[in-house]
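The numbers in UniProt numbering rise by one with no breaks, and the one at position 134 of the sequence shown is 134.
See structure below.
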Amino acid sequence: MLDELGGMRYMSKKVNRSVAWLFGLIAVFFGVLLITSNTTNAQAATTNEYIIDNRIQPVAIQYREGTFSDWFGYENGVGKPEGVVVHETADYGATAENEVSYFNREWPNMQSYVHAFVDNNAIINIHSTDYGVWGAGPTANAKYVQVELCETHSQDAFARSIANDAYYVAAKLIQYGLPAVPGQTILSHNQVSKMYGEITHTDPTGFFASMGYSMDQFNDLVVTYYNNLKNFGGVYRDGGSNTNAGSNNNTPAANVLRVNNPNGAYVPIMALRSDGTFARVTNRALMNNTDWQTDKTTEVSGVTYRRVATNEWVATTYVV
Ligand SMILES: [Zn+2]
């Protein structure tokens with residue numbers, strides 16, 4: 001295998017070209033049907049108008065530890081990405097959960113992995129964004145957080161997926177103290193392909209177009225969410241009952257913990273040593289107000305801990 005900066009690691013398509021063409025044609029066909037039906041319903045709003053008019057609320061980011069085992073920092077260091085690359089899976093009908101399972105199993109064969117998958121119902125982050133992934137060629141992999149949008153084909157589902165995707169991008173830019181600058185810190189895979197000339201992928205442009213949407217419109221939504229999150233703590237400045245995004249007020253699932261450290265910016269995590277005692281993990285921590293999948297509970301010195309990764313535990317005193 002090539003090293004992470006020398007190789008040509010990129011998103012390899014999981015369908016062959018002819019099948020992809022067929023799906024593309026089907027997608028365009030349904031896209032046309034949707035546009036027609038929307039027009040006849042006199043609801044011909046743009047996707048961004050539909051999102052904002054309906055105050056569509058992004059879901060919380062779920063953090064899980066995936067199987068990707070190449071922990072490499074960015075060119076500027078661990079925890080120093082320079083922006084976010086937006087991909088689209090080109091996988092008709094596959095959900096974020098489907099893609100997470102697929103990539104966790106197949107990345108060694110495909111030589112590709114990304115930080116997160118987003119659909120209309122979920123934002124699933126499967127690799128710490130402090131570290132790089134293999135999604136867009138060696139130069140981009142050393143610079144950017146990378147997120148894949150899953151395909152949905154109704155206006156409402158597409159709008160929800162776009163709201164989730166834009167929220168993820170805005171939240172990551174804020175997390176790393178980056179400005180929201182289209183073409184610089186917010187990039188499509190298509191733009192990255194042109195900038196660095198290492199690969200030829202053009203997503204998400206074609207899928208966006210099939211849904212009557214564009215990267216420019218997506219950039220507008222990211223910048224809107226970014227500014228509102230920074231200034232008002234939610235994705236809408238007048239979000240009414242739906243001002244969650246920054247604080248993730250939707251209820252997590254039963255096997256999901258929400259963690260917060262009221263006295264600091266991060267929630268500490270502990271690793272279990274072979275002698276049964278805990279050592280604090282010094283190079284990683286959990287962001288405040290984030291959701292983590294958990295599967296085990298243990299008690300050490302009178303403190304209860306929940307497991308959130310292979311050997312990463314969080315004290316229940318930080319569970320919201
Ligand atoms: Zn891509």
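Ideal Cβ placement from N, Cα and C applies to all residues, glycine included.
Does the distance between the C-beta of D203 and the nearest non-hydrogen atom of ligand 1 fall short of 6 Å? Result yes, Cβ under 6 Å from ligand 1.
How close, in whole Å, do the beta carbons of V256 and T294 come, if the pair is a contact with beta carbons under 8 Å? The C-beta separation of V256 from T294 comes to about 7 Å, placing the pair in contact by the 8 Å criterion.
In whole angstroms, what is the alpha-carbon distance linking R105 and D238? Answer to the nearest angstrom: the Cα atoms are 42 Å apart.
Could you compute how far the alpha carbon of V85 sits from the alpha carbon of T297? The alpha-carbon atoms of V85 and T297 are separated by roughly 36 Å.
Closest Cβ-Cβ distance between L187 and chain B: below 7 Å? Considering every chain present, this structure includes no chain B. It has just one protein chain.
For T310, count neighbouring C-beta atoms within 10 Å of its own C-beta (all shown protein chains included) and say buried if the count is 16 or more, exposed if not. T310 is exposed by the Cβ-count criterion.
Three-state secondary structure (DSSP) at V222? When secondary structure is reduced to three states using DSSP, V222 falls in the helix class.
Using 10 angstroms around the beta-carbon of N125, count the other beta-carbons present and answer buried if the total reaches 16, otherwise exposed. Burial state of N125 is buried, judged by a 10 Å Cβ sphere holding 16 or more other Cβ atoms.
Counting only the same chain and skipping the five closest in sequence on each side, list residues whose C-beta sits under 7 Å from that of Q62. A122, I123, I124, N125, V256, D291, Q293, listed in sequence order.
By DSSP, does S128 sit in helix, in strand, or in coil? Residue state, collapsed to three classes: coil.
Helix, strand or coil at R162 according to DSSP, with G and I counted as helix: Checking the sequence shown, residue 162 turns out to be Ile, not Arg. I162 falls in the helix class under three-state DSSP.
Could you tell me if P81 is buried or exposed, where buried requires 16 or more neighbouring beta carbons within 10 angstroms of its beta carbon? It counts as buried.
Quick check on the burial criterion: 16 or more other C-beta atoms within 10 angstroms. Buried or exposed for T224? T224 should be labelled buried.
State the CB to CB distance for the pair E88 and L149, rounded to an integer number of angstroms; the pair is presumed to be in contact (CB under 8 Å). With a beta-carbon spacing of about 5 Å, E88 and L149 fall inside the 8 Å limit used to define contacts.
Assess, as a yes-or-no matter, whether the stretch 137 to 153 is touched by the stretch 90 to 103 under the definition of 3 or more beta carbon pairs within less than 8 Å. The answer is yes - the stretch 137 to 153 touches the stretch 90 to 103, with three or more Cβ pairs under 8 Å.
Taking Y144 as the reference, give the member of T200, D53, F72 with the closest Cα. Comparing Cα positions, the closest option is F72.
Are there 16 or more other CB atoms within 10 angstroms of the CB of K172, so buried, or fewer, so exposed? The residue is buried, with at least 16 neighbouring Cβ atoms inside 10 Å.
Going by DSSP, name the residue or residues bridged to R55. Beta bridge pairing from DSSP links R55 with no other residue.
Nearest to residue 346 (by Cα), restricted to the options V169, E299, Y305: The structure shown does not extend to residue 346, since the chain spans only 1 to 320, so no value can be given for it.
To which residues does DSSP link D291 through a beta bridge? For D291, which the question treats as bridged, DSSP gives the partners Q62, R258.
Just how far apart, CA to CA, sit S193 and V59? Rounded to the nearest whole angstrom, the C-alpha separation of S193 and V59 is 30 Å.
Compute every distance between the C-beta of H115 and the non-hydrogen atoms of ligand 1, then say whether any falls below 6 Å. Every heavy atom of ligand 1 is 6 Å or more from the Cβ of H115, so no.
Taking Cβ to Cβ, would you say S161 is nearer than 7 Å to N190? By the CB criterion at 7 Å, S161 and N190 fall outside the cutoff.
Could you name the residues that DSSP lists as bridge partners for A285? A285 pairs with nothing; no bridge assigned.
Taking 6 Å as the cut-off, is the C-beta of H127 nearer than that to any heavy atom in ligand 1? Flag unset: Cβ of H127 not near ligand 1.
So is the beta-carbon of H153 under 6 Å away from any non-hydrogen atom of ligand 1? No.
Take V303 and list the residues in its own chain whose beta-carbon comes closer than 6 Å to its own, dropping the five residues that flank it on each side. Cβ within range, chain order: A315.
Roughly how many angstroms separate the alpha carbons of N231 and I269, rounded to a whole number? When only Cα atoms are considered, N231 and I269 end up about 30 Å apart.
Just confirm the distance between the C-beta atoms of V222 and A180, as a whole number of angstroms; I'd bet it's less than 8 Å. Contact holds; Cβ gap of about 6 Å.
Compute the Euclidean distance between the alpha carbons of K186 and Q146, then round it to the nearest angstrom. This sequence places Ile at residue 186; Lys is not what is there. The alpha-carbon atoms of I186 and Q146 are separated by roughly 10 Å.
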